Amino acid sequence: MALHDEYLSLLDGHWAITLAAFFLLYTLYSGIRNYFFLSGFEGPFLARFSNIWFLWDTNTDLTKPATRHLHEKYGSVVRIGPKSLSFSTPEAARDIYYGVGRDWVKSDQYHVLATISRGLVDDVLISSTNKTWHDNLRRVMNPSFSMAWIGRYEPIMDAKIDILLEQLQTRFVDNPKADICNVYPWFTYFATDVISAIIYGQAYDDLVHGKDGHNILGGLADDMLYAQRIMPMPILDKFLRKNPVLTWLDKAGLRSSKASHGAAVAQDLQSARMREHAYKTDESSDSNVQQPILMDYFINAKNEHPDIVNDMEILKFGLNVVFAGGDTTGITLTAFFYYVLKSPAIHQKLLSEIDALSQTKNGRLSYHEAQKLPYMDACIRETFRVHPALRMTSNRVVAPRGATINGHFVPGGTVVGVNPWVVHANTDFFGDDALIFRPERWLDDGKKARRMYQALLHFGAGNFNCIGKNIAYQEIYKLVPAMLVKFDMQLAELEKDWKIGPSALAKPEKLEVRLRLR
């Protein structure tokens, strides 16, 4: 008893020293454990001990192409954290996203993308690491995003293409003082209007107003820059945006969290459509509901699967598709025209092919017709490869039993991933000219072209790939010929390279194009 009291007295008198010693020993133990956990993999020395190194490396230059510089130095596998590995080969991507790792969960970095509303942190499709919830929701929603289903909305896309072309002609071609257009925001307005019209039956009308009227793109830009900065060490998010003090203030109404007005508009449009469904008396009474849209499918899914889909899930799901699809498609379209217009030879060859097919259609091609243009298809695929819209790595957590990835055994619990900006530039796979925009690589060898396309990660990969990719494909393949047939397009500064801004998305700062009618 006396010994026990003496021990307590010692702790009481030297608690600060005891606490400091414990912290020091724990830090030393953690450092040694981290050092040896992935000791067989090369990488920066400090990355062995903490994710702080990768956080620092990312934030020193937010415009660099992800971890490409590390792979150039250390090889096809790089240790970027105590329990994190970055791979650079298509074989590794196949193992992680389609092979042994197809059922692995997403890493904690995705929680950074979770939304905050009235003080409540809520996961959406892109941010959730709950694979069961994600798979159930995708199983219910996937049919409505199939190419067959999305194909019925081509008239909506055609209408938005007409509005875009009309706006560009009125605001730039017919205005002698403003013939130079920054096309990047206009392509994002187009994509946002298409997706919102397909989902809600009514577009956000960014094209008509010529601006991001609901702060969708502005809000997304802030979120993606924050994500790029924080994702290398996602625990920081709990002390920053998702700080319990700040969320409590939001919940108490003492602080207003930044939100997009687009959410309020989406909720109004969703509620209106649900009221139309409620007024239907029987299945033959279709007069109360307008032309079917994706929201109708979502509502029916809620009725058939109430355990998976509810009103809030529909709202979050719809907004997630609009937010994610608008900017990424805008980025891809902008990149396409940058690389095509940068090379007069590519531009002219593409025009000749499109003109030959669309001479009686004024550039208005169906998606099926547009796919028959082999050189345009090659240019689009090369854009996906050279400039994937997604800059972040789709990380997964290796199952507890461990796994072999591209010939390397990786212990369970390791965070692994393949960055699109890294694998798309793999010279062993795509050739020594992998950093050059050369559409012909997709036409040289059909079998090799199929293998190359399977290696692309522009829409993510595996079970967590982009659900709206078929909308994006149709938007891109239909808009490109319409733009090229109507306008004589030239880069305002042909000799000047464009600049990519900081973000988890590879967002161009601008792309100024001189527009004239052909």
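At position 204 of the sequence shown (counting the first as 1) the number is 204 in UniProt numbering, and the numbers step up by one without a gap.
Ideal Cβ placement from N, Cα and C applies to all residues, glycine included.
All figures in this text were calculated on a predicted structure; none of them were measured in a lab.
Query: Which listed residue (V194, D432, P176, A266) has its alpha carbon closest to that of K316; Result: A266
Query: Through-space distance from R518 to A227, alpha-carbon basis; Result: 42 angstroms
Query: The segment 333 to 346 in contact with the segment 494 to 512 per 3-pair CB rule at 8 angstroms; Result: yes
Query: Inter-stretch contact (C-beta, 8 angstroms, three-pair minimum) for the segment 417 to 429 and the segment 481 to 493; Result: no
Query: 6 angstroms Cβ shell around E509 - same chain, five flanking residues per side excluded; Result: K499, G501
Query: C-beta contact flag for A66 and T393 at 8 angstroms; Result: yes
Query: Outcome for R401 when other beta-carbon atoms lying within 10 angstroms are tallied against a minimum of 16; Result: exposed
Query: Alpha carbon of Q348 to alpha carbon of D433, nearest angstrom; Result: 22 angstroms
Query: S394 in three-state terms, based on DSSP; Result: coil
Query: Chain-order list of residues whose beta-carbon lies under 6 angstroms from that of S196 (same chain, five-residue window excluded); Result: A203, Y204, V322
Query: Cβ-based burial, I199 [other Cβ within 10 Å; buried from 16]; Result: buried
Query: Bounding residues of the beta strand (DSSP E) (the contiguous stretch that carries V124); Result: Counting along the chain, V124 falls outside any beta strand (DSSP E), and DSSP gives it neither H nor E.
Query: Residue from T60, F437, A482, T328 with nearest C-alpha to residue 523; Result: Nothing about residue 523 can be reported from this structure: the residues present for the chain run from 1 to 518 only.
Query: At least 3 beta-carbon pairs within less than 8 angstroms: the segment 457 to 470 vs the segment 140 to 147; Result: yes
Query: CA nearest to the CA of L435, picked from E382, I116, N395, Q454; Result: E382
Query: Selected residue, minimal CA-CA separation from I314, among D327, G325, Y297; Result: Y297
Query: Straight-line gap, E72 to K342 (C-alpha atoms, nearest Å); Result: 27 angstroms
Query: Test item: CB-CB of A399 and W133 under 8 angstroms; Result: no
Query: Alpha carbon of G253 to alpha carbon of L515, nearest angstrom; Result: 49 angstroms
Query: Exposure label - I161; buried when at least 16 CB within 10 Å; Result: buried
Query: Three-way DSSP call (helix, strand, coil) for C181 in this model; Result: strand
Query: Spatial distance of Y110 from A191 (CA atoms); Result: 24 angstroms
Query: Among E475, G75, N215, nearest to G325 - alpha-carbon criterion; Result: E475
Query: Check whether G412 and Y97 have beta carbons under 8 angstroms apart; Result: no
Query: Inter-residue CB distance, V397 and I230 (contact presumed, cutoff 8 angstroms); Result: Between I230 and V397 the Cβ distance is about 18 angstroms, and since that is not below 8 angstroms, they are no contact.
Query: Coarse secondary structure for T281, derived from DSSP in three states; Result: A caution first: T281 carries a pLDDT of 43, below 50, which makes its placement in the model unreliable, though a value can still be read off. T281: coil per DSSP, three-state reduction.
Query: Inter-residue Cα distance where the pair is S76 and H424; Result: 13 angstroms
Query: Cβ neighbour criterion (16 or more within 10 Å) applied to D237; Result: buried
Query: Residue nearest to A93 in terms of C-alpha spacing, selected from T188, N395, A272; Result: N395
Query: Nearest to M141 (by Cα), restricted to the options A492, V100, A301, V410; Result: A301
Query: Simplified DSSP assignment, three categories, for R518; Result: coil
Query: R171 versus Y453, L207, L46, L505, residue with shortest Cα-Cα distance; Result: L207
Query: In DSSP terms, what D488 is bridged to; Result: R516
Query: C-alpha distance - N182 paired with N215, whole-angstrom precision; Result: 19 angstroms
Query: Residue range of the beta strand (DSSP E) that includes H368; Result: Run containing H368: none in the beta strand (DSSP E); it sits in the alpha helix (DSSP H), 367 to 370.
Query: Rounded separation between N136 and E353 - CA only; Result: 44 angstroms
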